[in-house]
Amino acid sequence: MSTALQYTLKRLGLLLVTMLLVSFLTFLAFELVSGDPARTMLGTEATPQQLTALRHELGLDRPFLLRYLSWLAGFFSGNLGTSYSYRQPVWGLIAGKLELTLWLSLMSFVLIAVISIPLGIFSYRFTGGFANWPRTALNQLCMAVPPFFTGILFSWCFGIVLRVFTPGDFPGLREDFAASLRHLFFGAICLSIPRIAMTVRMLRSTVISEMNKAYVRTAISRGNDRRTVLTRHVLKNSMVSVVTFLGQTLAELVGAGIVVEQVLGIPGLGRFLVTSISHRDYPVVQTIVVILGFWVVLAGTAADLVNQAIDPRLRLSTAELGGAGS
Amino acid sequence: MKKRIFALSLVLAMALALFTGCGSQSAPAPSAEPSAEPEQTAPAQENPRAKTNEANIGIAQDFDSLDPDYMTAAGTKEILFNMFEGLVKPTSDGEIVPAVASEIVKSDDGLSYAFTLREGVKFHNGDPVEMQDLVYSVERRWTGDDTAAQLAALSVIEAVEVEGNVLTIRLSEPSNEFLAAVMNAYIIPADYTEQETAPVGTGPYKFVSRAVQDSLVLERFDDYWGTPGKLDKVTFKVLEGAEGLVLGLQSGALDLVAHLSSDQTVQLDSGAFKIEEGSMNLVQALYLNNAEKPFDDVRVRQALCYAVDKQAVIDLAFDGYGIPLGTSMFPSFSKYYDESLTDYYTLNLEKAKELLTEAGYPDGFEMTITVPSNYTPHVNTATVLVELLREAGIKATVQPVDWGTWLEDVYGNRNFQSTITGLTSDNMTARKLLERFGSEVGNNFTNYSNVEYDETLAKALRATDDAEQTELYRALERNLTENAANVYLQDMADLVAVRSGLEGLTFYPIYVLDISTLSWAK
Amino acid sequence: MKKRLNSYLTVGLIITGLMLLITVIGTFWTPYVPTAMKYGRFQPPSWAHLFGTDNFGRDIFSRVLKGTGTTLAIALSTVSIGAVIGTLIGAVTGYFGGIVDDVLMRLNDALTAFPSFLLALLVVSLVGPGKKYSVVIALGLVFIPSFARVMRTEFAALRNRNYVTGARLMGASSGRILFVHLLPNTVRVLLPAFTIGFNNAVLAEASMSFLGIGVTPPDASLGYMLSEAQSMLKAGPWYALCTGLTIVLLVFGVGLIGEGLQAQEREVD
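Chains as they are written, first to last, in our numbering: chain A, -17 to 308; chain B, 300 to 821; chain C, 96 to 364.
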């Protein structure tokens, strides 16, 4: 079997396991958390008969494992179930929101990657002297700004004073694509500012500690150009940590977007997730969580592939891992 | 590099400057005086929606079901009121008037009601309303296959009969609340199964589109039988979170938002908005679990009532907006409302301590107030109560829980010590506010149990004479106050921000927002 | 080893020391009772009320004094849980690889995907409502995956280095290699991760309060206060500014310490 195929199969396996695991954990969590979907659906005026009837209708009176298995069976046959609160198929409710959240996450990620990597490298070159202080201070300051605080700030300044976008009135990708992207862009900035700062810092400190390693010193003392050493060896080695960090960031962006979505009035997945949890709308939560699991594995795989391209030593070790695991 | 950092810091500095700019401009705002606006925003003429005769209304919670028989959230009923009507409907004066029925004849023994179908009533899909639709709509909520859709209040129905264009409903016993109950059985097309995604009713506005957690668009229904709506199109925007709605108003995205707090309305420019004040028509109280120690002792409950200054709660948490209440009834039900009960307990810490000592708690006690965290007004009330109770030596802590947990633990399983919530009546009768404190009643989550109350309640529910029933209801109110069933606080104010130029907002004694009377000033 | 502290470390320690001092003072003394509501709604900052008053008429300065301690305690314990457990997982998975790695990393992925709001609800349900530490446990769990992932990569990269192979050949036990040889070398990653984690913990606690599960209102954390303040930006902008800036200062101080420690370490090398 070729390594590529082996790798793909292994990754698909991981994907499956993660999604199974996360969906099971969610199911288990709902079993333990207090709260009853039938009651949230029927509200405060429900009679006990209505509650019992509805629980039966929803299948909530069946044993836990049975419910999980039937959900699983539905999932694999392409039936994501029906939302309890909205009485509509889950996929129809989620699709549009997923699209928005993906746009928001990807925009943030592109901002983070495109800004932080060059900035991090230059930030290394910009070491020493009195310039250190403002750089470090700015970096730390950016890290300390909570995205929802930036969100409020942007709403006030760009939304109300400058009227670049209208907080609370998301145009919709179909209706006005450009305006929607502009709206999302502000969310992406809020999300990415602290993360850019973190990545810059991460990259910088990795480069610095790498530069102090014996091999670099030797290389430089042998008369190699400092710049060449930096780009050829140091960066390559430093990128591994950074790429892992970026992969992690990509995985976390969806969850981190919840508050920003809330502040800027973006009808995305995060907001929907929180309300659905609060309403104990299991089918919706279950589907979103599986999507998130998929996303996390995807981000991890991407980081892995990039790292292997950078550092072949890692490829070897993955092959070993694959061998040990199978 | 230097440039980059420079640019970045410049942007940040600008943002900060702008922000502090916003801040300093607004510094004198708390007084909320209609002072001169320096560079003011969007007056009515500039609003593009005034030209197209549309309006955007912000709401804090998404709709649950659009099927009128399944909707349970008060916020959904409030809006869908514009799309659906029953045989009868409420007016803003609290009366019940004919709607889809043109005439209602009540038999002398009160055991049968004859509804004549109004001529020319059409559904939003263009079909005329027929007798079978009436039967279907009423029966579905009475004995339908779907238990979830049934209305408990319609269980007094014995039979539904049709003769020509008259629908006769026979009752098993006379009921003063029957008309109010039938008001909520909205008329929908028989056997129409797509109410959830494409609802069809007979109201002045019809459904256009909906995006879950985002918006609901309604359009004027031109074939409406009654006074048609004035606005062509109304969009309801869902904005969860306290600041979203305010930002939406300020940025010009929204024209009207109801149920705001005074903390929110002070953020608005008084030139661009008027704030209309109505009342929420609910009984906000510190509801006590009467079966739980120490609240099983009437003296402890009374001590709490003496320790809490209602006006202080209203002043501190609601900036003075709100009507203090002393029992489970609010002023909109003027017939039943007994104002003298409001000051039955006045702030008296000595008395409170005395009662606590008598009850065996000379050093006070510890208690937990469980509040649903998504209702900021209740959380704020709890925060203030903790402070007020401390003065009486009672150490209270606030326990915010999410809505699902609150419904299950507090309301469903009655596993709580005390909670803050607002009880309403969704059908213009006082019954709902009082019936729930009967000791055998399913939704008596406070576990209030009083023999005299149960007896009076039974008599009141049987009474056919209106005057007699009113008297009994008032006796029930007095019973709740005297036994300090709960620490009754207030009927919360309903502050509605309306963009200047948008006129015609009417308040109802029930929780509805009538959009058909709204219009832009010419 | 050089005794001289570098300037980041000095300033970081001064700021953090100041915040700690505030915490200590706040525990024993505040100018006003932090929960008393009798100083007038939305009073702008003045000499009597340094940070002004909030929507209930409480003295914000007193509340900030009190809240800093709460925030500090929550954030530190949260990150510590995340760092310790995350490092352990990262070490084991990164060093040994194989099936342990597969299993733990899948759990890790699942935890990343698992909504933190649901996790918090779960913890609250399990430990019982009203327990202050439930938010710490919930957030601590949330922080494990990021630590585990970063540390795993680090350990995996280090395990094939010559000195490790050397130690292994000399018969050192895995535990010894992991914690004596490798762990010190991961500090360059662990330290920034810890300071970043601290920052995130403060903010995560804020959003958790924002969503309604967290510290109960009367002894509010800074995060809770900030989430409260954002709906009063116009009526009382000082509320958001003062609590926001205190958070920024707190995080800034810790960040500088991290920076300084790293610089220190470089000088030692």
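Each residue gets a CB set at the ideal place from its N, CA and C atoms; glycine is no exception.
Fair warning: this is a prediction, and the values are worked out from it, not measured in the lab.
In the DSSP secondary-structure assignment, Leu280 of chain A is not bridged to any residue. Ranked by Cα distance from Glu243 of chain A, the first of B:Glu539, B:Gly577 and B:Leu567 is B:Glu539. The contact set of Phe131 of chain A on chain C, defined by CB atoms closer than 8 Å, consists of Leu321, Gln325, Ala335 and Gly339 in chain order.
Chain B has no Cβ within less than 8 Å of the Cβ of Val216 of chain A. Residues of chain B with a Cβ closer than 9 Å to the Cβ of Met23 of chain A are, in chain order, Asp363, Ser364, Tyr369, Thr371 and Ala447. Boundaries of the alpha helix (DSSP H) around Gly177 of chain C: Ile155 to Phe191. Taking a cut-off of 8 Å for Cβ pairs, the region 286 to 294 of chain C and the region 159 to 175 of chain C touch, as three or more such pairs fall below it. Secondary structure at His558 of chain B: strand, using DSSP grouped into helix, strand and coil. Burial state of Lys376 of chain B is buried, judged by a 10 Å Cβ sphere holding 16 or more other Cβ atoms.
Residues of chain C with a Cβ closer than 9 Å to the Cβ of Gln230 of chain A are, in chain order, Thr207, Pro240, Ser241, Arg244 and Val245.
Straight through space, the alpha carbons of Ala616 of chain B and Asp149 of chain C are spaced by roughly 11 Å.
Against chain A, the beta carbon of Glu377 of chain B has no neighbour under 8 Å; the closest one sits roughly 13 Å away.
For the pair Thr720 of chain B and Thr675 of chain B, the Cα-to-Cα distance works out to about 11 Å. With at least 16 other beta carbons inside 10 angstroms of its own, Phe136 of chain A counts as buried.
Residue environment: Arg262 of chain A is assigned as buried (16 or more neighbouring CB atoms within 10 Å of its CB, all protein chains considered). Residue nearest to Ala301 of chain C within the set C:Gly339, C:Val282 and C:Leu221 is C:Gly339 (criterion: CA-CA distance). For Lys758 of chain B, the CB contacts under 7 Å within the same chain, skipping 5 residues up- and downstream, are Leu771 in chain order.
Contact annotation for Gly152 of chain C against chain B: Leu615 [CB-CB distance below 9 Å, chain order]. Between the alpha carbons of Phe168 of chain A and Gly250 of chain A lies a distance of about 14 Å.
Here Tyr504 of chain B really is in contact with Asn381 of chain B; their C-beta atoms are around 4 Å apart, less than 8 Å.
In the structure shown, the three-state DSSP call for Gln698 of chain B is strand. Taking C-beta atoms as the reference points, Ile259 of chain A and Leu216 of chain C count as a pair closer than 8 Å. DSSP, reduced to helix, strand and coil, places Met132 of chain C outside both helices and strands of the structure shown, so it counts as coil. Contacts with chain C at 8 Å (Cβ-Cβ) do not include Glu576 of chain B. Look at Met303 of chain C: its C-beta is not under 8 Å from any C-beta on chain B.
Using a C-beta cut-off of 8 Å, the region 595 to 615 of chain B makes no contact with the region 807 to 819 of chain B, since fewer than three inter-stretch Cβ pairs fall below that distance. At a cut-off of 8 Å between beta carbons, Ser799 of chain B makes no contact with chain A.
Within the region 218 to 279 of chain A, the runs of alpha helix (DSSP H) that reach at least 4 residues and sit entirely inside it are, in chain order, 251 to 260. Not a single C-beta of chain B is nearer than 8 Å to the C-beta of Leu214 of chain C.
About 5 Å separates the beta carbon of Gly152 of chain C from that of Gly135 of chain C, a gap short enough to meet the 8 Å contact definition.
Remark: three or more beta-carbon pairs, one from each stretch, lie closer than 8 Å, so the region 26 to 39 of chain A and the region 443 to 451 of chain B are flagged as touching. Taking Leu255 of chain A as the centre and dropping the five residues before and after it, the same chain places the C-beta of Ile270 closer than 6 Å to its C-beta, in chain order. For Lys529 of chain B, no beta strand (DSSP E) segment is defined, and its DSSP state is neither H nor E. Look at the region 116 to 138 of chain C: the residues with a C-beta under 8 Å from a C-beta of chain B are Thr130, Ala131, Met132, Arg136 and Phe137. Restricting attention to alpha helix (DSSP H) runs no shorter than 4 residues, the region 714 to 801 of chain B encloses them at 730 to 734, 750 to 761 and 765 to 781, ordered along the chain. In this structure, the alpha-carbon of Arg600 of chain B lies about 18 Å from that of Arg713 of chain B.
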